[in-house]
Amino acid sequence: MALPRDVRAVFAAKTARTFGYGFLGVLLPVYLTDLGLGATAIGAVVTLLLAGSAALTWAVRRPAELWGSRTTLLGLAVLSVLAAGLLVATHEPWLVVLAALLANVAVGTGETGPFLTLDQVLVARAVPAARRTTILSWYNLLGYGAAAVGAATIRVVPAPRALFAVFLLVAVVQCAAYAALGRGLAPARRPPGAPRPSAPLIRRLAALFALDSFAGGFVLQALVAYFLHARYGLGLEALGGVFFVVQLLTAVSLLLAARAARRFGLLPTMVVSHLVSNAVLVAIAFAPTAAVAVGLLFVRHLLSQMDVPTRQAYVMAVVEDHEREAAATATNLSAPFALGGGLKIVYDLLLYWTFKDVKLKRDA
1028 MALPRDVRAV FAAKTARTFG YGFLGVLLPV YLTDLGLGAT AIGAVVTLLL AGSAALTWAV
1088 RRPAELWGSR TTLLGLAVLS VLAAGLLVAT HEPWLVVLAA LLANVAVGTG ETGPFLTLDQ
1148 VLVARAVPAA RRTTILSWYN LLGYGAAAVG AATIRVVPAP RALFAVFLLV AVVQCAAYAA
1208 LGRGLAPARR PPGAPRPSAP LIRRLAALFA LDSFAGGFVL QALVAYFLHA RYGLGLEALG
1268 GVFFVVQLLT AVSLLLAARA ARRFGLLPTM VVSHLVSNAV LVAIAFAPTA AVAVGLLFVR
1328 HLLSQMDVPT RQAYVMAVVE DHEREAAATA TNLSAPFALG GGLKIVYDLL LYWTFKDVKL
1388 KRDA
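If you're matching positions, the sequence shown starts at 1028 in the working numbering and goes up one per residue.
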């Protein structure tokens, strides 16, 4: 599969960035704890990073419309280089948090934020519609794979300062990749005051995607692992094997999306795969044995990501070219807030479920 030069540059930037996020997402909470922050402060930092990601996603829309996604991405990449340099140079907790904000460090299992938003716009402009879903499938697959390798890097390079230096190198590579983008991917110019015919459609899509992201906040890998352990007694070794297969099937799911979309269309692939995947998720709660529960979990993850590249391709296909920055911003903006809300509700439910039967000690 021959890739246009600009797509190769976007892929290189994505791989470098998510590799860095893979170890930073694990390292930052531990490092900030070592610097003296408590559990409450760490929770506040995670919330701040989610809010910062949403704010950056919103903030890049107008510059991207005025100057193009390439210029905006290059500016964000330079900001990441400066943030990485700050991580290398400082031991102050608040400066570490500031650097993480500027670099838009991902704290979840997937990437959100301005880079993802503008990357999909560039891909949409660089490839014909018939190849768009396939290219976006590989784009997302590269991100998951690079993040997994990044997380594993902590075992090889455990020193925080050394890892921050690696992130600085990664940020420079990302910057070079975006600098290599051609200048022919600028958005079509919209006359001042011209209407946005797709605005109502974009608002409806953003609302629906927010609902999906909010629901996704309840189905965390850690929560599923706890369920399998508490309900069926699976130990760490067994859980490790289960989630290794889960990650492989998630990757396969991304690749299946392109084939299904070519045969059935973008919208049917999104809806049917998502519907079946979540019906299987409900069935897991009633599985009589560990083998049945794990089997259903495997089926779910074989389908779970088929809506990701198809959704991205669909959004880019239903709006005018000059509206793509606005559409990508609106549909990606909801994810950090909705996911954050879901995570907080999971915390509340787990807190109540775990301690509801604990008796309070009475003073003598």
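Glycine included, every Cβ here is placed at the ideal spot set by N, Cα and C.
Start and end residues, alpha helix (DSSP H) containing residue i
i, result
"residue 1297", "1293-1311"
"residue 1080", "1066-1086"
"residue 1343", "1334-1344"
"residue 1127", "1120-1129"
"residue 1098", "1096-1116"
Where residue i sits in the DSSP three-state scheme
i, result
"residue 1315", "coil"
"residue 1352", "helix"
"residue 1029", "coil"
"residue 1051", "helix"
"residue 1207", "coil"
"residue 1063", "coil"
"residue 1155", "coil"
"residue 1139", "coil"
"residue 1185", "coil"
"residue 1331", "coil"
"residue 1347", "coil"
"residue 1279", "helix"
"residue 1133", "coil"
"residue 1262", "coil"
Cβ distance (whole Å) where residue i is taken to contact residue j below 8 Å
i, j, result
"residue 1034", "residue 1150", "6 Å"
"residue 1047", "residue 1177", "6 Å"
"residue 1199", "residue 1193", "Contact flag wrong, Cβ pair sits at about 11 Å."
"residue 1111", "residue 1076", "Not confirmed; about 16 Å, so no contact."
"residue 1106", "residue 1278", "So it is not a contact: roughly 30 Å between Cβ atoms."
"residue 1078", "residue 1202", "Actually they are not in contact, since the Cβ atoms of residue 1078 and residue 1202 sit about 25 Å apart, beyond 8 Å."
Candidates the options, of which the one nearest residue i by Cα
i, options, result
"residue 1062", "1124, 1350, 1311", "1124"
"residue 1257", "1316, 1273, 1228", "1316"
"residue 1230", "1106, 1152, 1255, 1350", "1350"
"residue 1282", "1176, 1158, 1193", "1158"
"residue 1401", "1170, 1294, 1106", "One cannot answer for residue 1401 here, as it falls past the ends of the chain, which runs 1028 to 1391."
"residue 1343", "1154, 1168, 1110, 1287", "1154"
"residue 1156", "1067, 1289, 1188, 1069", "1289"
"residue 1353", "1095, 1204, 1133", "1095"
"residue 1043", "1305, 1348, 1108, 1270", "1108"
"residue 1305", "1319, 1287, 1330", "1330"
"residue 1228", "1031, 1347, 1102, 1069", "1347"
"residue 1205", "1030, 1038, 1031, 1029", "1038"
"residue 1321", "1356, 1270, 1292", "1270"
"residue 1210", "1287, 1278, 1264, 1097", "1097"
"residue 1085", "1143, 1203, 1287, 1166", "1143"
"residue 1101", "1356, 1186, 1041, 1262", "1041"
"residue 1268", "1318, 1291, 1292", "1318"
7 Å CB neighbourhood of residue i in its chain, flanking five on each side removed
i, result
"residue 1163", "1147, 1150, 1336, 1339, 1340"
"residue 1323", "1307, 1310, 1311, 1314"
"residue 1395", "This structure leaves residue 1395 out entirely; the chain is present only between 1028 and 1391."
"residue 1334", "1297, 1300, 1301"
"residue 1120", "1059, 1062, 1063, 1064"
"residue 1138", "1045, 1048, 1170"
"residue 1099", "1087, 1090, 1091, 1145"
"residue 1280", "1328, 1329, 1330, 1331, 1332, 1333"
"residue 1057", "none"
Contacts around residue i, its chain only, beta-carbon distance under 8 Å, and the 5 residues preceding and following it disregarded
i, result
"residue 1325", "1272, 1273, 1276"
"residue 1266", "1252, 1255, 1256"
"residue 1197", "1043, 1044, 1046, 1047, 1111"
"residue 1054", "1181, 1187, 1190"
"residue 1117", "1123, 1126"
"residue 1262", "1256"
"residue 1129", "1106, 1107, 1109, 1110, 1113"
Residues of its chain near residue i, where Cβ-Cβ distance is below 6 Å and the 5 sequence neighbours each way are ignored
i, result
"residue 1191", "1114, 1115"
"residue 1180", "1050"
"residue 1285", "1160, 1161, 1164"
"residue 1207", "1036"
"residue 996", "Outside the displayed span of the chain (1028 to 1391) sits residue 996, for which this structure offers no information."
"residue 1287", "1296"
"residue 1072", "1124"
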